[in-house]
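Working notes, structure below.
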């Protein structure tokens with residue numbers, strides 16, 4: 064399986080990209096930052112239960 068087979072794109076507003084750029088670590092890839100956000104969200108939701 065080629066690396067590109069696991070890659071997709073999503074459309075986001077420029078204002079959303081600006082927020083991602085402002086908050087992610089320097090040099091951090093978008094995928095890594097989005098994964099961190101999703102992990103935090105899932106943990107938060109589990110704590111509500």
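Residue numbers (my numbering): 64 to 112.
Every residue, glycine too, gets a C-beta built ideally from N, C-alpha and C.
Fair warning: this is a prediction, and the values are worked out from it, not measured in the lab.
Straight-line spacing of the CA atoms in residue 73 and residue 97 works out to 12 angstroms. DSSP, reduced to helix, strand and coil, places residue 65 outside both helices and strands of the structure shown, so it counts as coil. Residue 78 carries a helical assignment under DSSP once its states are collapsed to helix, strand and coil.
Residue 83 and residue 93 have their C-alpha atoms some 8 angstroms from each other.
In the DSSP assignment, residue 95 falls within the alpha helix (DSSP H) that extends over 93-111.
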